[in-house]
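A short write-up of the structure that comes next.
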């Protein structure tokens with residue numbers, strides 16, 4: 005068998021590998037005849053019938069050379085969104101992407117040939133010049149703004165835009181038609197798994213967990229609901245230990261409060277706590293998950309009277325088939341936002357990124 009590399013110059017892969025083999029022969033000072041008759045060269049010849057490498061094979065090659073960085077802004081290192089969408093989500097990712105190096109990394113513009121997941125505050129800390137530099141260094145840029153506004157002048161640098169809610173998936177797909185938009189739902193805090201869940205309240209116990217400025221409360225409501233302040237700007241863990249004491253999560257938001265694609269995290273948390281939730285139907289993301297027939301929705305305008313009446317109704321139906329029907333919906337939410345479900349979404353995201 006003889007092969008003339010010049011005659012086969014149109015077969016670029018053949019020439020490339022044969023050239024490499026010839027270089028090896030020079031280094032080891034082996035005669036060319038031994039290379040021509042080698043098993044390695046016969047394998048190469050067998051590949052001549054393949055015109056292009058399969059897409060999956062290319063993805064595997066790329067995944068070996070590209071590390072994944074969940075990028076955060078150093079000054080926002082201890083913010084809730086950083087802890088959850090960087091530290092915790094990167095750990096979930098490690099369980100599904102065993103062949104790739106995955107790190108939580110502070111923002112800089114020196115990344116090269118990597119997959120960069122630019123999280124909420126990292127995106128805020130980057131101007132278009134910095135994004136252009138990252139793009140020019142052969143990085144795959146994945147934007148994960150969660151509930152932050154994503155300006156078009158920045159979005160144009162994204163290879164993939166992550167939606168953390170259904171409303172974001174719809175809006176990003178409409179606004180950025182030439183971009184790949186993928187859903188990665190917001191996970192719940194994994195520390196819930198290590199809490200003591202042996203105690204279950206026998207009567208209705210209602211609690212609000214979050215920034216107090218974000219909720220609707222009055223003196224009369226505070227007699228029915230415990231309001232536990234949680235700062236999103238620093239890590240406080242005491243509130244986590246209180247969760248098992250409550251079986252109804254109060255999630256009424258300020259009437260005029262506007263958010264960009266707020267994930268239904270309070271609902272996910274309640275579901276993983278085995279609790280029901282009280283929320284208004286003007287929260288589009290909540291209705292998507294709960295359904296319009298969920299029995300503990302506040303319909304229409306939020307008022308103190310409506311909330312107090314609904315709390316009385318919940319107390320009356322606690323432990324009945326109505327309560328159980330509502331809990332069935334929460335169990336469905338828990339299954340759809342399990343770490344396994346989120347992990348599969350992350351895997352799909354990485355598969356797409358590795359193919360670029």
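Numbering (my numbering), first residue to last: 5 to 360.
Beta carbons are placed, not taken as given, at the ideal position from N, Cα and C, and that holds for glycine.
Around the beta carbon of residue 121, 16 or more other beta carbons lie within 10 angstroms, which makes this residue buried.
Secondary structure remark: continuous beta strand (DSSP E) runs of at least 3 residues inside the region 250 to 289, in chain order: 252 to 254 and 280 to 284. In terms of Cβ geometry, residue 158 and residue 185 do not form a close pair [threshold 8 Å]. Counting along the chain, no alpha helix (DSSP H) covers residue 102, and no H or E run does either. For residue 344, the enclosing alpha helix (DSSP H) has its first and last residue at 343 to 358. Counting every other CB atom within 10 Å of its CB across the protein chains shown gives residue 257 a total of 16 or more, marking it as buried.
Spatial neighbours of residue 196 in its own chain (CB-CB distance under 6 Å, excluding positions within 5 residues in sequence) are listed in chain order as 276. Counting C-beta pairs with one atom in each stretch, the region 85 to 102 and the region 190 to 207 have three or more that are closer than 8 Å, which means they touch. The Cβ atoms of residue 314 and residue 300 sit closer than 8 Å to each other. The beta-carbon separation of residue 123 and residue 99, rounded to 19 Å, does not stay under the 8 Å limit for a contact.
Cβ-Cβ distances below 8 Å link residue 250 to 205, 209, 210, 211, 230, 277 and 279 in the same chain, with the five nearest sequence neighbours on each side left out; the list follows chain order.
According to the DSSP secondary-structure assignment, residue 212 is paired through a beta bridge with 231. A straight-line Cα-Cα distance of about 15 Å links residue 140 and residue 70.
Exclusion of the five residues before and after residue 329 leaves no residue of its chain whose Cβ lies closer than 6 Å to its Cβ. Bounds of the alpha helix (DSSP H) holding residue 321 are 308 to 321.
For residue 109, the secondary structure class from DSSP, reduced to helix, strand or coil, is strand.
According to the DSSP assignment, residue 123 belongs to the beta strand (DSSP E) that extends over 119 to 123. Straight through space, the alpha carbons of residue 75 and residue 274 are spaced by roughly 28 Å.
Residue 289 counts as buried, since no fewer than 16 other beta carbons sit within 10 angstroms of its beta carbon. Here residue 341 is near residue 272, since their CB atoms are less than 8 Å apart. Linking residue 82 to residue 331 through their CA atoms gives a straight-line distance of about 33 Å. In its chain, beyond the 5 residues on either side, 165, 167 and 185 have a beta carbon closer than 7 Å to the beta carbon of residue 176. Of the other Cβ atoms in all chains shown, 16 or more fall within 10 Å of the Cβ of residue 188; this residue is therefore buried.
As the crow flies, the alpha-carbon of residue 305 is around 47 Å from that of residue 113. Excluding five sequence positions before and after residue 237, the CB atoms of its chain that fall closer than 6 Å to its own CB belong to 83, given in chain order.
Straight across, the Cα-Cα distance linking residue 136 with residue 163 is about 12 Å. If you check the CB distance, residue 190 and residue 269 come in under 8 Å. Going by C-alpha positions, residue 326 is about 55 Å away from residue 142. In the structure shown, the three-state DSSP call for residue 192 is coil.
Residue environment analysis places residue 254 among the buried positions, since at least 16 neighbouring C-beta atoms fall within 10 angstroms of its C-beta. By the 16-neighbour rule on beta-carbons within 10 angstroms, residue 73 is buried. Residue 78 is a Cβ neighbour of residue 111, given a cutoff of 8 Å.
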